[in-house]
Amino acid sequence: MRERLAKQGNPLLIAAQRHYVKPFLITCLLAALPLLFGLWVNASAPHTPTHAYSPTRCTRYCAAHSCRHATRANSPAYFRLRPLYTATIRGLMLGGRARYADLNVAFYLVLMPGLLGWLTYGALRDASRIRQLKKHL
Ligand SMILES: [Zn+2]
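Per our numbering, the very first residue in the sequence shown carries number -15; after that it's consecutive.
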């Protein structure tokens, strides 16, 4: 029935599909931006990633341990955000060291992106509905 109405060009159905499809597509494009940024950063980095400590630059060692390169003068944000980072790590360690990786993946790769995607999609969908309703006023 829906397909037949859509093929016939039912304007109400086409408008209803726009309320869901366009926000979904925009949400997918917005979600792809951090992934593309990560790919660009990794592809254009002058050094290959390493977990080894380097005295001249930050490596992944700095993320796993505290960064020895940061000072309050060259990176005040590091010192402001470090307590939040430490609290997050402690929260992820609540399940023990054995479950840390699972909780990390679940939180950062499933829960947070899912929540942000759902909120973005909802806001875009509601904005589309509001615009549509304003046309009828
Ligand atoms: Zn560092």
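Each residue gets a CB set at the ideal place from its N, CA and C atoms; glycine is no exception.
Residue i and residue j closer than 8 angstroms at C-beta
i, j, result
"Thr43", "Ala36", "yes"
"Thr11", "Gly101", "yes"
"Asn88", "Leu76", "yes"
"His31", "Ser112", "no"
"Ala27", "Pro97", "no"
Chain-order list of residues whose beta-carbon lies under 7 angstroms from that of residue i (same chain, five-residue window excluded)
i, result
"Tyr105", "Pro7, Phe8 and Thr11"
"Cys51", "Cys42 and Tyr62"
"Phe91", "Leu76"
Beta-carbon proximity list for residue i, same chain, < 8 angstroms, skipping 5 on both sides
i, result
"His120", "none"
"Arg66", "Ser50"
"Tyr84", "Leu76 and Met77"
"Asp86", "Gly79"
Quick one: residues with CB closer than 5 angstroms to any heavy atom of ligand 1, in chain order, please.
Cys42, Cys46, Cys51 and His53
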